[in-house]
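Heads up: the sequence lines are chains C and H, in that order.
Add 1 to a position in the first sequence, counting from 1, and you land on the number used in this note's numbering.
Add 1 to a position in the second sequence, counting from 1, and you land on the number used in this note's numbering.
Note that beta-carbon positions come from the ideal geometry of N, C-alpha and C, so glycine has one too.
Have a look at the structure below before the remarks.
Protein chains: 2
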Amino acid sequence: MQKTSIKKRVTLKDVANAVGVHVSTVSRALDPRTRHLITPEVAEQILKASERLDYRQNAAAYSLKTNRTRTIGVVVPDITNPVFPPIIRGVEDALASRGYVAILGNTDGDMRRETGLVETFRSRGVDGLILASVEREDAAVSKLAAEGLPVITVNRRVDDSTVASVVNDEAEGIRRVLTHLVSLGHRRVANIAGPQSLSTGAARYAGFEKYRGPMGLADDRGLVVFANAFNEAEGERCVEELLASGAEFTAIVCSNDRLAVGAIAALSRHGRRCPEDVSVTGYNDMPMVERMQPPLTTIRIQSNKVGFEAGQLLVQMIERPPGEYVAEHIVLPIELIVRGSTRAIHAPNGQDGDTAKPRVRPL
Amino acid sequence: MQKTSIKKRVTLKDVANAVGVHVSTVSRALDPRTRHLITPEVAEQILKASERLDYRQNAAAYSLKTNRTRTIGVVVPDITNPVFPPIIRGVEDALASRGYVAILGNTDGDMRRETGLVETFRSRGVDGLILASVEREDAAVSKLAAEGLPVITVNRRVDDSTVASVVNDEAEGIRRVLTHLVSLGHRRVANIAGPQSLSTGAARYAGFEKYRGPMGLADDRGLVVFANAFNEAEGERCVEELLASGAEFTAIVCSNDRLAVGAIAALSRHGRRCPEDVSVTGYNDMPMVERMQPPLTTIRIQSNKVGFEAGQLLVQMIERPPGEYVAEHIVLPIELIVRGSTRAIHAPNGQDGDTAKPRVRPL
DNA sequence: GTGGCTGGTGCAATCGTTTGCACATAACCA
DNA sequence: TGGTTATGTGCAAACGATTGCACCAGCCAC
Numbered sequence: 002m003q004k005t006s007i008k009k010r011v012t013l014k015d016v017a018n019a020v021g022v023h024v025s026t027v028s029r030a031l032d033p034r035t036r037h038l039i040t041p042e043v044a045e046q047i048l049k050a051s052e053r054l055d056y057r058q059n060a061a062a063y064s065l066k067t068n069r070t071r072t073i074g075v076v077v078p079d080i081t082n083p084v085f086p087p088i089i090r091g092v093e094d095a096l097a098s099r100g101y102v103a104i105l106g107n108t109d110g111d112m113r114r115e116t117g118l119v120e121t122f123r124s125r126g127v128d129g130l131i132l133a134s135v136e137r138e139d140a141a142v143s144k145l146a147a148e149g150l151p152v153i154t155v156n157r158r159v160d161d162s163t164v165a166s167v168v169n170d171e172a173e174g175i176r177r178v179l180t181h182l183v184s185l186g187h188r189r190v191a192n193i194a195g196p197q198s199l200s201t202g203a204a205r206y207a208g209f210e211k212y213r214g215p216m217g218l219a220d221d222r223g224l225v226v227f228a229n230a231f232n233e234a235e236g237e238r239c240v241e242e243l244l245a246s247g248a249e250f251t252a253i254v255c256s257n258d259r260l261a262v263g264a265i266a267a268l269s270r271h272g273r274r275c276p277e278d279v280s281v282t283g284y285n286d287m288p289m290v291e292r293m294q295p296p297l298t299t300i301r302i303q304s305n306k307v308g309f310e311a312g313q314l315l316v317q318m319i320e321r322p323p324g325e326y327v328a329e330h331i332v333l334p335i336e337l338i339v340r341g342s343t344r345a346i347h348a349p350n351g352q353d354g355d356t357a358k359p360r361v362r363p364l
Numbered sequence: 002m003q004k005t006s007i008k009k010r011v012t013l014k015d016v017a018n019a020v021g022v023h024v025s026t027v028s029r030a031l032d033p034r035t036r037h038l039i040t041p042e043v044a045e046q047i048l049k050a051s052e053r054l055d056y057r058q059n060a061a062a063y064s065l066k067t068n069r070t071r072t073i074g075v076v077v078p079d080i081t082n083p084v085f086p087p088i089i090r091g092v093e094d095a096l097a098s099r100g101y102v103a104i105l106g107n108t109d110g111d112m113r114r115e116t117g118l119v120e121t122f123r124s125r126g127v128d129g130l131i132l133a134s135v136e137r138e139d140a141a142v143s144k145l146a147a148e149g150l151p152v153i154t155v156n157r158r159v160d161d162s163t164v165a166s167v168v169n170d171e172a173e174g175i176r177r178v179l180t181h182l183v184s185l186g187h188r189r190v191a192n193i194a195g196p197q198s199l200s201t202g203a204a205r206y207a208g209f210e211k212y213r214g215p216m217g218l219a220d221d222r223g224l225v226v227f228a229n230a231f232n233e234a235e236g237e238r239c240v241e242e243l244l245a246s247g248a249e250f251t252a253i254v255c256s257n258d259r260l261a262v263g264a265i266a267a268l269s270r271h272g273r274r275c276p277e278d279v280s281v282t283g284y285n286d287m288p289m290v291e292r293m294q295p296p297l298t299t300i301r302i303q304s305n306k307v308g309f310e311a312g313q314l315l316v317q318m319i320e321r322p323p324g325e326y327v328a329e330h331i332v333l334p335i336e337l338i339v340r341g342s343t344r345a346i347h348a349p350n351g352q353d354g355d356t357a358k359p360r361v362r363p364l
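Written out as structure tokens, the structure is:
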């Protein structure tokens, strides 16, 4: 009965005593990278003993000595926003397999809170940072990267390309959406663009501007309206603005799903049904939008993969000798998901597969 | 121009040298709890200097010395499940104000991964644990608590009441749902119960069994079917099972929103419309269910508050001398949210306001 | 048989804090 | 004025790991 109710944690010294060697020998035997320095049989004994005694390295001591914490900081605007959990999940999956863990912070879109969090994380000695909260202009972040701290932005980027990033192919996403709408016969397509201070908002808007001419869409200035945030309320406001301006359109490309959700709500409040009167598209394919009425046509981004790639890349940066990496920029492909919120315009009768059968009378 | 490109981190010693005192004096001056030991003017100087030099405590050294990390481990089944982010957010908000941070892990409902994560977290020396992933029988968790590690379960509980918890008033939630349905004239109410290995599933089912008799509902055994998981697929499967059994019902009480979402989908596949033919209720009021078609009648839980309370309580437990606390159990009130997925039975025509006032003929 | 390697281990310093204790100096009271 | 008590500060030992260096065998080659 060795049921000591107060368990002291077992240290290297305990293992060393058990085997009859010095702590440094144990330390070396336990680290795969230095194990070759030790006589195989001794190493074996040490492994056995450390197993038997249930030794686990003291993370604090390790950090103090090596200046590495195997911890990385993850900063998001708000974990409650459905866009971010899959990303975080991806990050954690990538980290877990390499023995790292993530600590998390929310900024609520406030840049001062971002810098505050980064401070907190740095003082805890994080080995690297993954930021989902950056704006395009973010001198603080560039400085971090310049100081040699491994940093990656996810989903968004900063304009300064010296900081690594993993993002989605925004322009291509918009191109796909437009192609889809054009194929349904739409020519007057409005755009609810996201905040231009965020790379996602800017890149999607840029895509819209780039492609709408070549695709034969009307390029009225009045067809674009800018949201101040990526949320439902702004989606509603922007639709109000569009309607008030008297602009004519048969479809709205929204810069993300939440804007689209708000847009559809506002449209229906004004007696315009989606998709019968107006087609609406989103961006992100966040959870549940396929269960909405109408189910949302949108661009699926690989959120989980974005996080996973970022996690992997960050660990690489961390474990590479300092200064030996250049800022990588990974762009992941997207996918168009066609659902019920888009429909052919003025199609008097049959056509095929793609979406809804537009047995619709012209207006 | 003191632009040293390689910033050495400033330590207590640096501050001590700057002021001309010993590091121990600096250490004491910086800690509010020991500041009174120092001559006020000296303390002032030290504060100033540490400010000026931008001193920040080395977390690893602190931990090594004090055995405290100001870090707590949070374990959830899957952060991607919309129920959890608000809870996590609440936890983090509570922790942040006290200088703690959270590290996060996902189990995907696998109990072995739970114990693995707990191991990882312990080896990193977390000061406490918040578990959203526990099953009712969880000897490992009880043992943790018994060993003196502060542990709180959130949303769920373990049967062993020695481990603290913050949960919702499940029985009351079910009572409210049933009251609502009864007032709409429903008498044959089915129940898609959640997994009975989870306290939420068990407590809600217990509520159903407890109240349906007294409220005058049919208490056929055949009206209850058990889901093996809280997800849409199981919701669908359970409806199939109900329909196949030939059971008659005009409403289904689902143990959570995702089951309800699945249930509605399966019903409509079988030509039963919600709410016209069958009323359906959920539980949790997770994001977006108000945008579904039909918008879901459900029980709103205070997810954010659950997390916040748990965070607060845990910090209290941590900062109290060991053994000086008893396991507290906090139960938070819920709220019935009536939306479009419930309707009065046999209502031939009009209705209004709330949802349908029971212009109902008794059966 | 001696000198030089080399491979395996131990020694001890170190990372940056906290904290019990010793030691001054000043303050107090008789 | 002398002895006692406060009061503020410094000293040094931890905490548990990593790691450069010294050491000591044993082995090989000459």
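Review point. Between the C-alpha atoms of valine 22 of chain C and isoleucine 319 of chain H, what's the straight-line distance to the nearest angstrom?
Key: Rounded to whole angstroms, the gap between the alpha carbons of valine 22 of chain C and isoleucine 319 of chain H is 37 Å.
Practice item. Under 8 Å Cβ to Cβ from lysine 4 of chain C, same chain only, skipping five residues before and after it: list those, please. Key: Note that lysine 4 of chain C scores 34 on pLDDT, short of 50, meaning its location in the model is unreliable and no value can be drawn from it.
**Study point:** Between the CA atoms of valine 339 of chain C and aspartate 355 of chain C - distance to the nearest angstrom
**Key:** With a pLDDT of only 42 at aspartate 355 of chain C, under the threshold of 50, the placement of this residue in the model should not be trusted; the figure read from the coordinates follows. Roughly 8 Å separates the two Cα atoms.
Check your understanding: According to a CB-to-CB cut-off of less than 9 Å, which residues of the stretch 78–108 of chain H neighbour chain C?
Key -> From the stretch 78–108 of chain H, only Asp79, Ile80, Thr81, Asn82, Pro83, Phe85, Pro86, Pro87, Ile89, Arg90, Glu93, Asp94, Ala97, Gly100, Val102, Ala103, Ile104, Leu105, Gly106, Asn107 have a Cβ closer than 9 Å to chain C.
Exercise for review: Under 7 Å Cβ to Cβ from histidine 271 of chain H, same chain only, skipping five residues before and after it: list those, please.
Suggested key: Within the same chain, and ignoring the five residues on either side of histidine 271 of chain H in sequence, the residues whose Cβ sits closer than 7 Å to its Cβ are Leu244.
Point to revise | N-terminal and C-terminal residue of the beta strand (DSSP E) that isoleucine 300 of chain H is part of | key: Following the DSSP letters along the chain, one finds isoleucine 300 of chain H inside the beta strand (DSSP E) bounded by residues 299–301.
Point to revise | Cβ pair glycine 174 of chain C, isoleucine 335 of chain C closer than 7 Å | key: In terms of Cβ geometry, glycine 174 of chain C and isoleucine 335 of chain C form a close pair [threshold 7 Å].
Review point. Looking only at its own chain, which residues have a Cβ that is under 6 Å from the Cβ of glycine 236 of chain C, when we skip the five neighbours before and after it?
Key: Shown here for glycine 236 of chain C: same chain residues with a beta carbon closer than 6 Å to its own, the five before and five after excluded, namely Leu260, Gly263, Ala264 in chain order.
Check your understanding: What is the DSSP secondary structure of glutamate 329 of chain H, reduced to helix, strand or coil?
Key -> Coil.
Check your understanding: What first and last residue would you give for the alpha helix (DSSP H) that runs through arginine 277 of chain C?
Key -> A quick correction: the sequence has glutamate, not arginine, at residue 277 of chain C. Taken as a continuous stretch (DSSP letters only), glutamate 277 of chain C belongs to no alpha helix (DSSP H), as it is neither H nor E.
Review point. Going by Cα to Cα distance, which pick from H:Val190, H:Val225, H:Ala203 is closest to glutamate 138 of chain H?
Key: Here the closest residue by C-alpha is H:Ala203.
Exercise for review: Grab the span of the beta strand (DSSP E) containing threonine 154 of chain C for me, first residue to last.
Suggested key: Element bounds for threonine 154 of chain C: 152–155.
Exercise for review: Quick one: list the residues of chain C neighbouring leucine 315 of chain H, beta-carbon separation under 8 Å, in chain order.
Suggested key: Correct list: empty, because the minimum Cβ distance to chain C is about 16 Å.
Check your understanding: Applying the criterion that 16 or more other CB atoms from any shown protein chain within 10 Å of the CB defines a buried residue, is aspartate 1 of chain C buried or exposed?
Key -> As shown, chain C starts at 2 and ends at 364. That puts residue 1 of chain C outside it, with no answer to give.
Practice item. Using a Cβ cut-off of 7 Å, pull out every chain C residue sitting near arginine 57 of chain H, in sequence order please. Key: Ordered by position in chain C, the residues that pass the 7 Å Cβ test against arginine 57 of chain H are Ser124.
Check your understanding: Looking only at C-alpha atoms, which of H:Leu314, H:Glu277, H:Asp32, H:Leu333 sits nearest to arginine 301 of chain H?
Key -> When only C-alpha atoms are compared, the closest one is H:Leu333.
Practice item. Decide if leucine 38 of chain C is buried, meaning its Cβ has at least 16 other Cβ atoms within 10 Å, or exposed. Key: Exposed.
Review point. If we cut at 7 Å on Cβ distances, does valine 11 of chain C have a partner in chain H?
Key: Valine 11 of chain C does not count as touching chain H.
Review point. Hey, glycine 74 of chain H and leucine 130 of chain H are a contact pair by Cβ (cut 8 Å); roughly how many whole angstroms apart?
Key: Their Cβ separation, rounded to whole angstroms, is 5 Å, which keeps glycine 74 of chain H and leucine 130 of chain H in contact under 8 Å.
Review point. Does the Cβ of proline 41 of chain H have 16 or more other Cβ atoms within 10 Å, making it buried, or fewer, making it exposed?
Key: By the neighbour-count definition (other C-beta atoms within 10 Å, threshold 16), proline 41 of chain H is an exposed residue.
Point to revise | Option nearest valine 316 of chain H by Cα separation, candidates H:Glu45, H:Leu31, H:Ser64, H:Arg71 | key: Nearest of H:Glu45, H:Leu31, H:Ser64, H:Arg71 to valine 316 of chain H, Cα basis: H:Arg71.
Review point. Which term fits arginine 29 of chain H, buried or exposed, when burial requires 16 or more other beta carbons within 10 angstroms of its beta carbon?
Key: Per the 10 Å Cβ criterion, buried.
Exercise for review: Might you give, ordered along the chain, the residues of its own chain that have their beta carbon closer than 6 Å to the beta carbon of aspartate 55 of chain C, omitting 5 neighbours on each side?
Suggested key: There are no such residues.
Check your understanding: Rounded to a whole number of angstroms, what is the C-alpha to C-alpha distance between arginine 205 of chain C and arginine 344 of chain C?
Key -> Arginine 205 of chain C and arginine 344 of chain C: Cα-Cα distance of roughly 22 Å.
Point to revise | 3 or more residues per run - each beta strand (DSSP E) lying fully within the stretch 39–107 of chain C | key: Those beta strand (DSSP E) runs which fall completely within the stretch 39–107 of chain C and span 3+ residues are 72–77, 102–107.
Review point. How big is the Cα-Cα spacing for glycine 341 of chain C and phenylalanine 250 of chain C?
Key: Glycine 341 of chain C and phenylalanine 250 of chain C: Cα-Cα distance of roughly 18 Å.
Exercise for review: For aspartate 32 of chain H, count neighbouring Cβ atoms within 10 angstroms of its own Cβ and tell me buried if that reaches 16, exposed if not.
Suggested key: Its Cβ having fewer than 16 others within 10 Å, aspartate 32 of chain H is exposed.
Review point. So, helix, strand or coil for proline 349 of chain C, using DSSP?
Key: With a pLDDT of 41 at proline 349 of chain C, under the threshold of 50, the predicted position of this residue should be treated as unreliable, though the coordinate-derived value follows. The three-state secondary structure of proline 349 of chain C, taken from DSSP, is coil.
**Study point:** Buried or exposed (CB count within 10 angstroms, at least 16 for buried), glycine 195 of chain H
**Key:** Its Cβ being crowded by 16 or more others within 10 Å, glycine 195 of chain H is buried.
Review point. Name the DSSP bridge partner or partners of isoleucine 338 of chain H?
Key: Note: isoleucine 338 of chain H sits in a beta bridge opposite H:Thr299.
Exercise for review: Tell me, please, whether the CB atom of methionine 2 of chain H is closer than 7 Å to any CB atom in chain C?
Suggested key: Here the model assigns methionine 2 of chain H a pLDDT of 35, short of 50, so the residue's position is not dependable, and the following value carries that caveat. Answer no: the Cβ-Cβ gap between methionine 2 of chain H and chain C never drops below 7 Å.
Practice item. Pick helix, strand or coil for threonine 282 of chain H, following the three-state DSSP scheme. Key: Strand at threonine 282 of chain H.
Check your understanding: Within 7 Å (strictly less), CB to CB, does alanine 141 of chain C reach chain H?
Key -> Under the Cβ distance rule, alanine 141 of chain C does not count among the residues neighbouring chain H, no pair being separated by less than 7 Å.
**Study point:** Where serine 64 of chain C meets chain H, residues with beta-carbon distance less than 7 Å
**Key:** Ordered by position in chain H, the residues that pass the 7 Å Cβ test against serine 64 of chain C are Ala61.
Check your understanding: In chain order, what residues of the stretch 271–294 of chain C put their CB closer than 7 Å to some CB of chain H?
Key -> Contacts with chain H (Cβ-Cβ distance below 7 Å) from the stretch 271–294 of chain C involve Pro288, Met289, Arg292, Met293, Gln294, listed in chain order.
Check your understanding: Along the stretch 157–174 of chain C, what residues have a CB closer than 8 Å to any CB found in chain H?
Key -> The stretch 157–174 of chain C vs chain H, Cβ under 8 Å: nothing.
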